[in-house]
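Trainee: Here it is: the structure, laid out below.
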Amino acid sequence: MSHNQFSDITPDVIALAEQCVQNGSINPELYSKYEVKRGLRDINGKGVLAGLTEISEIHSYIIEDSEMIPCEGKLYYRGVDIEDIVGGFIKEKRFGFEETVYLLLFGKLPNREELDHFSGLLAHYRTLPTSFVRDIIMKAPSPDMMNTLARSVLTLYSYDDKANDISIPNVLRQCLQLIALFPMLSVYGYQAYAHYHDGQSLFIHAPQPGLSTAENILHTLRPDSRYTELEARILDVALVLHAEHGGGNNSTFTTHVVSSSGTDTYSVIASSLGSLKGPKHGGANIKVVQMFDDMKENLTDWTDEEQVTDYLTRLLRKEAFDHAGLIYGMGHAVYSLSDPRANVFKSFVKSLSEEKGLTKEFQLYSLVEKLAPQVIAQERRIYKGVSANVDFYSGFVYSMLNLPHELYTPIFAIARIAGWSAHRIEELINAGKIIRPAYKNVQKRRPYVPIAER
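Numbering-wise (my numbering), the sequence shown opens with residue 26 and increments by one.
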């Protein structure tokens with residue numbers, strides 16, 4: 026079977042797909058009738074309580090007189106405000122991702138000796154099995170780095186003599202190895218794709234033990250391995266802000282669901298990657314950059330509020346960009362007044378835009394951040410406030426760092442593997458039941474009909 030034949034959708038398949046749609050559509054009114062909380066969220070957008078965690082907390086409202094009142098968003102890792110975490114290591118001119126991983130995994134901030142030892146442990150694990158790059162990553166390179174990443178994770182199972190051991194020490198060892206290896210798997214996957222698909226020169230730089238995770242990403246990605254201190258520090262902040270976001274986000278909930286079955290770490294993390302790969306979850310930052318590229322092409326004056334407002338209105342009316350009716354980077358399932366991650370990011374984005382000579386672009390982002398909530402309020406009936414989310418600025422940061430679009434979502438995964446690991450271990454420690462919510466069948470019963478009578 027040729028490559029094209031494998032991907033071919035024949036008329037027979039199209040006809041069968043029509044049957045799937047015809048016989049698989051459920052009356053939307055039934056969801057209301059049986060009080061089904063679609064997306065595991067109620068009509069006000071509040072998540073259905075499915076578990077308990079000590080790993081992180083998202084604070085977006087207060088309760089007064091039994092009424093939910095939106096407030097400025099806050100994010101806490103193990104009870105510590107994310108803004109204080111970032112402010113702390115920035116003030117001391119340190120990289121913060123390794124410290125954040127330690128906090129999420131072990132429930133406390135490390136002292137200097139603990140952090141140095143932990144960073145050394147990650148550096149030790151940042152080595153792939155012999156010939157893994159040649160035999161696995163270089164074979165059948167995919168145009169989607171998330172696919173490459175998931176494939177590499179599943180293949181590492183074959184290299185692990187204790188792959189199925191779900192004791193806490195072994196799972197922790199596996200998680201630390203995956204946290205350490207995700208940057209290499211992602212960047213090497215991209216290098217292979219860029220070489221075989223785009224004809225670019227092939228660079229495989231070995232990671233340097235003395236560098237932070239953020240520095241190693243830039244070191245292994247760039248042909249000359251050069252980067253500025255500001256570039257590395259902002260990428261490090263991006264990793265910290267994406268490292269964890271509660272147990273209810275789609276990929277982390279996937280981590281809990283699959284872990285509850287008792288399966289191995291590699292299967293769990295590959296499942297989480299599959300969830301993050303979805304454009305409704307991890308791919309939004311690419312859409313933000315593409316939307317702004319389209320906006321810049323269609324505006325004659327980036328500072329004209331009337332022009333920007335008109336473009337945003339046309340976005341919502343499905344008359345501009347991808348005709349999806351969305352302003353990408355605006356709004357969040359939980360936050361309403363503000364996303365603390367976007368707030369933290371914004372000051373660093375301004376500094377990087379100045380270093381890169383892109384202050385006009387930054388001013389356009391700021392203008393859209395100001396105007397979009399007003400336009401959305403006018404065009405849509407919304408039950409809560411709308412503000413810029415972390416994707417709004419992260420895509421701009423990645424574009425200023427000259428990161429290829431193919432690596433935007435893998436960068437998210439490089440960070441979020443920390444949260445997934447913490448949640449997997451928490452699920453195993455507390456030995457809960459296998460997660461199995463209920464689905465109500467609404468198909469009426471009917472008799473079996475012999476084939477001759479159909």
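Yeah, the Cβ is synthetic: ideal placement off N, Cα and C, and Gly gets one too.
What's the gap between the Cα of residue 109 and the Cα of residue 220?
Mentor: 42 Å
Trainee: Just the C-alpha distance for residue 185 and residue 403, rounded to the nearest angstrom, thanks.
Mentor: The alpha-carbon separation between residue 185 and residue 403 amounts to approximately 56 Å.
Trainee: So if DSSP puts residue 66 in a beta bridge, which residue, or which two residues, is it bridged to?
Mentor: 72
Trainee: Is the separation between the beta-carbon of residue 115 and that of residue 100 shorter than 8 Å?
Mentor: no
Trainee: Pull up the CB-CB distance for residue 170 and residue 211, whole angstroms please, since I reckon it's below 8 Å.
Mentor: Distance from residue 170 to residue 211 at the Cβ level is roughly 6 Å; contact confirmed, criterion being Cβ atoms closer than 8 Å.
Trainee: Can you find the residues in the same chain that come closer than 7 Å, C-beta to C-beta, to residue 175, ignoring five residues on each side of it along the sequence?
Mentor: Correct list, in chain order: 295, 298, 299.
Trainee: Counting only the same chain and skipping the five closest in sequence on each side, list residues whose C-beta sits under 7 Å from that of residue 371.
Mentor: 418.
Trainee: At which residues does the alpha helix (DSSP H) containing residue 113 begin and terminate?
Mentor: 107-116
Trainee: Considering only the alpha carbon of each residue, which of 423, 191, 313, 183 lies closest to residue 346?
Mentor: 313
Trainee: Kindly give me the distance between the Cβ atoms of residue 103 and residue 79, rounded to whole angstroms, as I take these residues to be in contact under 8 Å.
Mentor: The beta-carbon separation of residue 103 and residue 79, rounded to 7 Å, stays under the 8 Å limit for a contact.
Trainee: On the DSSP letters alone, give me the boundaries of the beta strand (DSSP E) that residue 100 sits inside.
Mentor: Per DSSP, residue 100 belongs to the beta strand (DSSP E) from 92-102.
Trainee: Taking the CB atoms as reference points, tell me whether residue 394 and residue 413 lie closer together than 8 Å.
Mentor: yes
Trainee: Just the Cα atoms here: how many angstroms apart are residue 137 and residue 124?
Mentor: 10 Å
Trainee: Determine the closest residue to residue 205 out of 252, 224, 183, 149, with distance taken between C-alpha atoms.
Mentor: 149
Trainee: Could you pull out every residue in the same chain whose Cβ sits closer than 7 Å to the Cβ of residue 34, ignoring the five residues on either side in sequence?
Mentor: none
Trainee: Beta-carbon separation of residue 158 and residue 213 under 8 Å?
Mentor: Against a cut-off of 8 Å, the Cβ pair of residue 213 and residue 158 comes out as a contact.
Trainee: Per DSSP, which one or two residues make a beta bridge with residue 81?
Mentor: In the DSSP secondary-structure assignment, residue 81 is bridged to 102.
Trainee: Just the C-alpha distance for residue 391 and residue 285, rounded to the nearest angstrom, thanks.
Mentor: Straight-line Cα distance between these residues: approximately 43 Å.
Trainee: Do you know how far the Cα of residue 222 is from the Cα of residue 107?
Mentor: Straight-line Cα distance between these residues: approximately 40 Å.
Trainee: Pick helix, strand or coil for residue 353, following the three-state DSSP scheme.
Mentor: coil
Trainee: Can you list, in chain order, the residues of its chain whose CB lies under 7 Å from that of residue 336, leaving out five sequence neighbours each side?
Mentor: Excluding residues within five positions, the ones whose Cβ falls inside 7 Å are 320, 323, 324, 345.
Trainee: Could you check how far apart the C-beta atoms of residue 445 and residue 177 are, in whole angstroms? I think they sit under 8 Å.
Mentor: 16 Å between Cβ atoms; not a contact.
Trainee: Determine the DSSP secondary structure at residue 127, reduced to helix, strand or coil.
Mentor: helix
Trainee: Can you tell which of 388, 229, 245 has the C-alpha that lies nearest to the C-alpha of residue 326?
Mentor: 388
Trainee: At 4 residues or longer, and completely inside the segment 360-423: list those alpha helix (DSSP H) runs for me, N to C.
Mentor: List check, alpha helix (DSSP H) in window: 365-381, 384-404.
Trainee: What does the alpha-carbon distance come out to for the pair residue 423 and residue 243?
Mentor: Between residue 423 and residue 243, the C-alpha separation is close to 11 Å.
Trainee: Apart from the five residues just before and just after residue 437, which ones in its own chain have a Cβ nearer than 7 Å to its Cβ?
Mentor: 267, 301, 307
Trainee: Residue 132 to residue 420, Cα distance in whole Å?
Mentor: 30 Å
Trainee: Going by beta carbon distance, what residues of the same chain come within less than 6 Å of residue 339, once the five residues before and after it are set aside?
Mentor: 345
Trainee: For residue 89, which of helix, strand or coil comes out of DSSP?
Mentor: strand
Trainee: So what's residue 18 in DSSP terms, helix, strand or just coil?
Mentor: Past the edges of the chain, shown from 26 to 479, lies residue 18, and the structure says nothing about it.
Trainee: DSSP state of residue 456, grouped into three classes?
Mentor: coil
Trainee: Kindly indicate the opening and closing residues of the alpha helix (DSSP H) around residue 36.
Mentor: 36-49
Trainee: Taking C-beta to C-beta, are residue 264 and residue 397 nearer than 8 Å?
Mentor: No.
Trainee: Give the single residue among 463, 270, 280 whose Cα lies nearest to the Cα of residue 129.
Mentor: 270
Trainee: Please work out which residues of its chain come closer than 6 Å, Cβ to Cβ, to residue 290, disregarding the five sequence neighbours upstream and downstream, and give them in chain order.
Mentor: 196, 199
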